[in-house]
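S.K.: Position 40 of the sequence shown, counting from 1, maps to 40 under the working numbering, and the rest follow consecutively.
Don't be surprised by glycine CBs; every beta carbon is placed ideally from N, CA and C.
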Amino acid sequence: MLLLAPVRTHFYAIRPSTRLPYLMNNSDLIEALRLNYIEYFRLFHNQHGIQVHVDREAAWIVANGPPGNHILRTNFPSEDAEQRIDSLLAAISRQTGGIRWLLFPQDRPVDLRDRLKNRGLIAGRGDLWMFRQLRHLPENSPPSLLRICPVQDLPGLRAWWTASAHGFGTSQRAAQRWYDAFRRHGFGHRAQVTNYIGQIDQEVVTTATLILAGGIAGIYDLSTPPRFRGNGFASALAIQLLHHSRNHGNSHVGLQTGDAEQFYQKLGFETGFQEEEYFWAAGDTDL
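Structure (structure tokens):
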């Protein structure tokens, strides 16, 4: 068992999006959305026992519940990668019994996949990452009775929280961590993270979150409560978010999805990446 210095936990404020040109290649898009994804998880730091760590070498979250345990970035020098991997797993093992380690094209060392397999981590495939250029967009014309607006206060956030939980088929108790994270982040035109609701007659019928960070716009948690599905409300909200992202100087938008690829393809998204993940559980390796 290696006894190495623990990894320090850091939390940084959301950084504004650094706008990138329309000629981003697929690797650029994946890396930009990964940075955006890390900003999403940073929202949960130090709430409900959740710890988020981000530095130049590694980024991870340990929540021991929603929104999950994930290693999101690895950038280890090849000459001491073995020690760094063991150190990271040792630090993780002090906080949780399991985590998924995501691999991305820009992770290092280049043979990280083999090093993880040699430690007994189990390989799997996760969500699809989809992207859309924002130069040419469909017309922003939502159904006549649908009013889409950003959440600007706590009553609006409570409405978002309730409808989002229904849309994902979970309880408000299970979604409490999202409410608390967004409440702490705050509201206003300077916020890089904005929740949106679509309403008909004061009832919320669709919800989503938009993050402008990392050089890309990221759409998260788009949902519609079951009894309102099939009316085009989520599509209308997504299209409005595309226009909002372009109006704020972004050239691309990205998202992750496990089961809605065809829905997003109809909105002009293309699949650019599928998560490659490795699962570690306590007892799988000797640390």
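#1: Return the chain-ordered list of same chain residues with a C-beta closer than 6 Å to the C-beta of D81, the five sequence neighbours on each side being excluded.
#2: Out of curiosity, what's the CA-to-CA distance linking G68 and N25?
#3: Tell me the rounded alpha-carbon separation between Y179 and R125.
#4: For the region 110-150, which segments carrying the beta strand (DSSP E) assignment without a break, of at least 3 residues, lie completely within its bounds, in sequence order?
#5: In or out: G167 buried (at least 16 other Cβ within 10 Å) or exposed?
#6: Check this for me: beta carbons of A163 and P225, under 8 Å apart or not?
#7: Output yes or no for whether 8 Å exceeds the beta carbon distance between W160 and T194.
#8: For G215, is the classification buried or exposed, using 16 other Cβ atoms within 10 angstroms of its Cβ as the cut-off for buried?
#9: Report the three-state DSSP secondary structure of T170 (helix, strand or coil).
#10: Taking 8 Å as the threshold (C-beta atoms), are T257 and M130 in contact?
#11: Consult DSSP for H53 and reduce its assignment to one of helix, strand or coil.
#12: Where does P21 sit, in a helix, a strand or coil, going by DSSP?
#13: Within 8 Å of any Cβ in chain D, is that where the Cβ of R135 sits?
#14: For a test of the three-state rule: what should DSSP assign to L210, helix, strand or coil?
#15: I'd like the list of long-range same chain contacts for V205, defined as Cβ closer than 8 Å, with 5 residues on each side in sequence excluded.
#16: Excluding the 5 residues flanking A59 on each side, which residues of the same chain have their C-beta closer than 7 Å to its C-beta?
#17: Could you please give me the residues that DSSP links to Y40 through a beta bridge?
#18: For T162, does the three-state DSSP call read helix, strand or coil?
#19: Would you identify the three-state DSSP class for H45, choosing helix, strand or coil?
#20: Measuring alpha carbon to alpha carbon, tell me which of H70, L255, R84 ends up nearest W280.
#21: Quick one: is H136 buried, meaning 16 or more other Cβ sit within 10 Å of its Cβ, or exposed?
#22: Confirm, please, whether the CB-CB distance from F182 to L222 is below 8 Å.
M.R.: So, from the listed chains and residues:
#1: In the sequence as presented, Asp is not what sits at residue 81; that position holds Ala. P109.
#2: So the two alpha carbons sit approximately 29 Å from each other.
#3: One C-alpha to the other measures close to 29 Å.
#4: 122-133, 147-150
#5: buried
#6: yes
#7: no
#8: buried
#9: coil
#10: yes
#11: strand
#12: Legend: pLDDT at P21 = 48, less than 50; position of this residue unreliable, value from coordinates given subsequently. In this structure, P21 counts as coil in the three-state DSSP scheme.
#13: Absent from the structure is chain D; it holds one protein chain and no more.
#14: strand
#15: Once the five neighbours on either side are set aside, the close Cβ partners of V205 are L146, A163, G198, Q199, T224, P225, F228, N231, F233.
#16: I38, H53, L72, R73
#17: Answer by DSSP bridge pairing: none, since Y40 is not bridged.
#18: helix
#19: coil
#20: Taking the Cα of W280 as reference, the smallest distance to any Cα among H70, L255, R84 is reached at H70.
#21: exposed
#22: Contact flag unset, no.
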